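Q:
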Amino acid sequence: MKNQDRARLLVSCVDQPGIVSAISTLLYENGANIVESNQYTTDPSEGRFFLRLVIEGDQLQAKESKLKAAFEPVAEKFGMTWKWSFLHHRKRTAIFASKDVTCLRELLYQWEGGNLDTDIPLVISNHETGRDIVESFGIPYFYIPANKEIRKEVEARQIELLKEYDIDLVVLARYMQILTPEFVSEYPAEIINIHHSFLPAFIGANPHRKAYDRGVKLIGATSHYVTNDLDEGPIIEQDVGRVDHRDQVEDLKKQGSLIERTVLTRGVKWHLEDRILVHDNKTIVFN
Numbered sequence: 001m002k003n004q005d006r007a008r009l010l011v012s013c014v015d016q017p018g019i020v021s022a023i024s025t026l027l028y029e030n031g032a033n034i035v036e037s038n039q040y041t042t043d044p045s046e047g048r049f050f051l052r053l054v055i056e057g058d059q060l061q062a063k064e065s066k067l068k069a070a071f072e073p074v075a076e077k078f079g080m081t082w083k084w085s086f087l088h089h090r091k092r093t094a095i096f097a098s099k100d101v102t103c104l105r106e107l108l109y110q111w112e113g114g115n116l117d118t119d120i121p122l123v124i125s126n127h128e129t130g131r132d133i134v135e136s137f138g139i140p141y142f143y144i145p146a147n148k149e150i151r152k153e154v155e156a157r158q159i160e161l162l163k164e165y166d167i168d169l170v171v172l173a174r175y176m177q178i179l180t181p182e183f184v185s186e187y188p189a190e191i192i193n194i195h196h197s198f199l200p201a202f203i204g205a206n207p208h209r210k211a212y213d214r215g216v217k218l219i220g221a222t223s224h225y226v227t228n229d230l231d232e233g234p235i236i237e238q239d240v241g242r243v244d245h246r247d248q249v250e251d252l253k254k255q256g257s258l259i260e261r262t263v264l265t266r267g268v269k270w271h272l273e274d275r276i277l278v279h280d281n282k283t284i285v286f287n
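Mapping the sequence shown onto the UniProt record's numbering, position 121 (from 1) lands on 121, and the numbers just tick up by one.
Next up, the structure:
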């Protein structure tokens with residue numbers, strides 16, 4: 001079916017009998033059919049229940065308001081936290097970048113190839129490095145110089161642009177600036193960062209130098225949601241590659257760059273496809 005006839009539903013609540021039955025009955029009564037279902041419980045006894053559904057139905061777009069209203073009593077009964085995503089509302093993503101444009105370039109290539117189901121209406125950077133590649137995709141590029149002395153003014157302008165372009169997701173593609181709590185609070189669990197280490201190892205700056213000094217045999221990268229604690233937000237995806245005593249810091253950076261691109265793309269893709277639920281600073285990823 002076309003996107004206007006499909007939707008996704010994410011649910012979390014205390015595990016209890018009757019949840020799936022209540023939801024499936026409601027969907028049936030409203031002419032919607034479940035075409036994909038994933039669920040997980042943290043503990044068989046009084047744990048937390050997580051559910052992802054993909055549904056479809058004739059003229060589902062026209063039924064959006066009715067279906068949401070009908071779902072509210074069910075959600076209230078079971079104490080649910082929930083999120084509807086009707087696919088005719090295409091998500092809008094802003095990318096933040098700095099001098100290193102490898103992750104930015106990868107995201108744009110994946111987007112152009114149809115692997116990231118989103119609109120990218122703008123890119124914001126504190127360097128001019130990425131302008132040519134971004135504008136070659138027909139995307140507006142906003143250069144906003146940034147440092148900690150003018151951070152408040154910079155973020156005010158950034159948030160102004162995000163609101164103007166109606167942004168749903170912010171991706172930090174090696175954006176080398178720390179966001180303030182005020183910025184993060186505007187987009188809870190909607191800012192994805194790529195950190196160039198296998199977290200929780202080597203938090204903060206210069207992780208490849210730290211990894212080299214420690215003599216690691218694996219080099220990795222982590223995509224995670226941004227919180228007020230540096231590099232400690234809920235982890236979405238990670239991967240690693242092998243290294244040995246012959247590899248210097250620059251070798252670690254080169255291998256790490258390949259991993260970063262893949263890990264960030266996966267994290268962004270899964271978010272756009274509503275595959276992620278956050279609980280206790282962790283993620284449940286139905287991938």
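Ideal Cβ positions, reconstructed from N, Cα and C, are used throughout, including at glycine. Quantities reported herein were computed from a predicted structural model and do not represent experimental measurements.
If you compare alpha carbons, which of L277, Y225 and E250 is closest to L199?
A: Selected option, being the one with the closest Cα: Y225.
Q: Should R8 and V54 be called a contact, given that it needs their Cβ atoms to be closer than 7 Å?
A: Yes, the pair counts as a contact, with Cβ atoms nearer than the cut-off.
Q: The beta strand (DSSP E) that contains K83, what's its start and end?
A: Here the beta strand (DSSP E) through K83 covers T81 to F86.
Q: Can you tell me whether DSSP reads T102 as helix, strand or coil?
A: DSSP places T102 in helix when its eight states are reduced to three.
Q: For the beta strand (DSSP E) holding K282, just list the boundary residues, first then last.
A: First-last of the beta strand (DSSP E) with K282: K282 to V285.
Q: Once you ignore the five residues that flank residue 288 on each side, which residues in its own chain have a CB closer than 8 Å to its CB?
A: Since the displayed the chain opens at 1 and closes at 287, residue 288 lies outside it and no answer follows.
Q: Tell me whether L204 sits in a helix, a strand or coil according to DSSP, three-state version.
A: Correcting the residue identity first, residue 204 is Gly in this sequence and not Leu. Here G204 sits in coil by DSSP.
Q: Tell me the rounded alpha-carbon separation between L172 and R105.
A: So the two alpha carbons sit approximately 13 Å from each other.
Q: Does the segment 262-269 touch the segment 224-241, meaning 3 or more C-beta pairs lie closer than 8 Å?
A: Taking 8 Å as the limit for Cβ pairs, the verdict is that the segment 262-269 does touch the segment 224-241.
Q: For the beta strand (DSSP E) containing I235, name the first residue and the last one.
A: Looking at the DSSP string, the run of the beta strand (DSSP E) that includes I235 is I235 to R242.
Q: DSSP on F142, reduced to helix/strand/coil?
A: F142 falls in the strand class under three-state DSSP.
Q: Just verifying my parser: in three-state terms, what is the DSSP assignment at Y187?
A: Three-state result, Y187: coil.
Q: Measuring alpha carbon to alpha carbon, tell me which residue in Q248, C13 and Y175 is nearest K77.
A: Nearest option by C-alpha distance: C13.
Q: Going straight from the alpha carbon of Y40 to that of D231, what length do you get?
A: The alpha-carbon atoms of Y40 and D231 are separated by roughly 26 Å.
Q: From the DSSP output, which residues share a beta bridge with D274?
A: According to DSSP, D274 bridges with nothing at all.
Q: Return the CA-CA distance between residue 306 and I192, expressed in angstroms with no decimal places.
A: Look at the range of the chain in this structure, 1 to 287, and you will see that residue 306 is not part of it.
Q: Please classify Y28 as buried or exposed, where buried requires at least 16 neighbouring CB atoms within 10 angstroms.
A: Exposed is the call here.
Q: With distances taken from CA atoms, which of A94, D213, K99 and H127 is nearest W111?
A: Comparing Cα-Cα distances from W111 to each of A94, D213, K99 and H127, the minimum goes to A94.
Q: For K99, collect the residues of the same chain with a Cβ closer than 6 Å to its Cβ; drop the 5 residues on either side in sequence, then sort them by chain order.
A: Result list for K99: H127 and T129, in chain order.
Q: Grouping DSSP H, G and I as helix and E and B as strand, with all else coil, what is S197?
A: S197 falls in the coil class under three-state DSSP.
Q: Report the residue from K152, D247, T118 and G79 whose alpha carbon sits nearest the alpha carbon of H88.
A: Selected option, being the one with the closest Cα: T118.
Q: Considering only DSSP beta bridges, list what D119 is partnered with.
A: The partner list for D119 (beta bridge, DSSP) reads R92.
Q: Pop quiz: V285 and L107 are said to be a contact at Cβ under 8 Å. What is the actual Cβ separation, rounded to whole angstroms?
A: With 8 Å as the limit, V285 and L107 do not qualify as a contact, their Cβ atoms being about 19 Å apart.
Q: What does DSSP give as the partner residue(s) for N33 in the beta ladder?
A: Per DSSP, E56.
Q: Where K163 and G79 are concerned, what is the direct C-alpha to C-alpha distance, given to the nearest angstrom?
A: Going from the Cα of K163 to the Cα of G79 covers about 31 Å.
Q: Do you know how far the Cα of H245 is from the Cα of D213?
A: Using only the alpha carbons, I get a separation of about 11 Å.
Q: Based on DSSP bridge pairs, tell me the residues matched to I167.
A: DSSP, once it has assigned bridges, lists no residue as partnering I167.
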